[in-house]
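Residue numbers are given in the UniProt record's numbering: position 71 of the sequence shown equals residue 71, and the series is strictly consecutive.
To keep things clear, I will list the structure first and then write my remarks on it.
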Amino acid sequence: MSDDDNSPISAREAKQLFADLRSAPALVLAVSGGPDSVALMWLAARWQKSLARGPKLVVVTVDHGLRPEAAREAREVKRIATQLGLTHKTLRWRDAKPKTGVPAAARQARYRLLAQAARATGATHVLTAHTRDDQAETLLMRLLRGSGIAGLSAMARLTARDGIVLARPLLDVPKSQLIATARRAKLGFADDPTNRDSAFTRPRLRALLPQLAAEGGDARNLARLAGRLARANAAVEVLTDGAERFLRLRDGANAPHGPAARSFEAKAFAALPEEVRLRLLLRAINAFGHEGPAELGKVETLLGALDQAMSQAMSGGRAPAKGRAILKQTLAGALISLAGGRIHVVSAPARRRKRT
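See below:
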């Protein structure tokens, strides 16, 4: 990309942004009407026209029903899409709106509707206009929440979701370049006031970015940090895959792994690096639990309890009766126990509902 963060994106740069998507049969463009997504639509349309045989482009706008201006903005997106020769669809989030956590619920609904649209049109990818600025904000949000390495990797360029690939071709592009691109093309775009609403976390952090930039923490450096953490996370995932294979090979042909349970020899498990042990536990709990993804902090607490129990057992502490577990806990719908020198993870019995 250009070194000038305020210059419009050139045709040559656009080709580079979308090059990996050339062989896709169809692409869904998520366009809200803001400058980022309108620029994405214009750039993708110009790129497609430069190809002898490019993917079919379908523009989708999701109206969450949260702002009265949203319907008008969707009509404006349709007008621009039609001028560009693209098909446009408006999808509406008709479910009851939650009283709290509205941004997260709206995001989930948006991706669900976009995935449905992709499947209906034969598209393999949904393209969003997330920028370098969005990446920096995501890193800050997750940092303040105490996320682990995986969370601090922020957004990936490609993510599998609901059987569709979510693509973010503009993730290294500053928002200012997209605004410049939209203005150069004389494209109208909406200004969503919720982007400045201090009632929500992301706008509050966005307002702090100029102060962070003055200290060297600008969007470019924060996004670079997210990329480096993503590399580290990928490396740890490879180590975890290897550790899982090692533990299975150590168990031999009678490995107690399968569709009903996962089990690790405690002594071999204890010799692994802490981050790897944490991820092995997290994988097993999420595979056999039935109450959603396990919280990282709770898995860390569980690992600490397991380490303490294993240490006591290996140091010659009082051994439990044969077959009796030294430790037994439930987490995220999974039952984790330490017995007979092994760590076992199975699905926990469903909780009984309290009678009223």
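Cβ atoms here follow ideal geometry from the backbone N, Cα and C, with glycine treated the same way.
A residue is called buried once 16 or more other Cβ atoms fall within 10 Å of its Cβ, and T82, having fewer, is exposed.
Around the beta carbon of E274, fewer than 16 other beta carbons sit within 10 angstroms, so the residue counts as exposed.
Contact between L143 and L152 holds: their C-beta atoms lie close to 6 Å from each other, under 8 Å. Only buried fits H125, as 16 or more other CB atoms lie within 10 angstroms of its CB.
Taken through DSSP and simplified to helix, strand or coil, D63 comes out as strand. Closest option to R46, judged by alpha-carbon separation, among T138, H64, A190 and A19: A19.
A contact between stretches requires three or more CB pairs, one per stretch, nearer than 8 Å, and the stretch 11 to 26 meets this requirement with the stretch 40 to 56.
For the pair D95 and G216, the Cα-to-Cα distance works out to about 43 Å. Scanning the stretch 82 to 163 from its first residue to its last, the whole alpha helix (DSSP H) runs of 4-plus residues come out as 102 to 121, 132 to 144 and 149 to 152. Residue environment: D218 is assigned as buried (16 or more neighbouring CB atoms within 10 Å of its CB, all protein chains considered).
Looking at the DSSP output, T330 shares a beta bridge with L335. By the Cβ rule, the stretch 195 to 213 does not count as touching the stretch 110 to 125, because fewer than three pairs are nearer than 8 Å.
The residues V276, R279 and L280, in chain order, have a CB closer than 7 Å to that of T240 in the same chain once the five nearest residues on each side in sequence are set aside. Taking a 10 Å sphere around the C-beta of K49, we find fewer than 16 other C-beta atoms and assign the residue as exposed. Measuring C-alpha to C-alpha distances from L91 to each of P103, V28, D134 and L139 identifies V28 as the nearest. In the pairwise beta carbon analysis, the stretch 187 to 198 is classified as not touching the stretch 51 to 60: fewer than three pairs are separated by under 8 Å. The Cβ atoms of L331 and L306 do not sit closer than 8 Å to each other.
Between the beta-carbon of A271 and that of I149 there is about 21 Å, and that puts the pair past the 8 Å contact cut.
CA-to-CA, the gap between N195 and L139 works out to about 17 Å. Short of 8 Å from the beta carbon of F200, and not among the five residues preceding or following it, lie these beta carbons of its own chain, in chain order: P103 and T194. Burial state of S23 is exposed, judged by a 10 Å Cβ sphere holding fewer than 16 other Cβ atoms. Counted as a single uninterrupted DSSP element, the stretch harbouring I9 is not any alpha helix (DSSP H), since DSSP gives it neither H nor E.
In the three-state scheme derived from DSSP, where H, G and I count as helix and E and B as strand, V173 is classed as coil. Ranked by Cα distance from A109, the options A214, A156, A136 and L66 are led by L66. The closest CA to that of G289, considering only G297, D197 and S347, is found on S347.
The shortest C-alpha to C-alpha distance from P210 to any of L225, E137 and R250 is the one to E137.
In the DSSP assignment, S347 forms a beta bridge with A334. Exposure of S10 is indicated by the presence of fewer than 16 other C-beta atoms within 10 angstroms of its C-beta. One alpha carbon belongs to W93, the other to R107, and they sit about 10 Å apart. In the DSSP annotation of this structure, the continuous segment of the beta strand (DSSP E) that includes E265 starts and ends at A261 to E265. The bridge partners DSSP lists for R342 are E265 and A339.
The continuous beta strand (DSSP E) containing V28 extends over residues A26 to A30. Going by beta carbons, A313 and R324 fall outside the 8 Å limit. The shortest C-alpha to C-alpha distance from A167 to any of R342, K97, R352 and A26 is the one to A26.
Non-local beta-carbon contacts of Q135 in its own chain, meaning distances under 8 Å to residues more than five positions away in sequence, involve A154, M155, L171, A219, L222, A223 and A226 in chain order.
Minimum Cα-Cα distance from T159 among the listed residues A115, A214 and S337 corresponds to A115.
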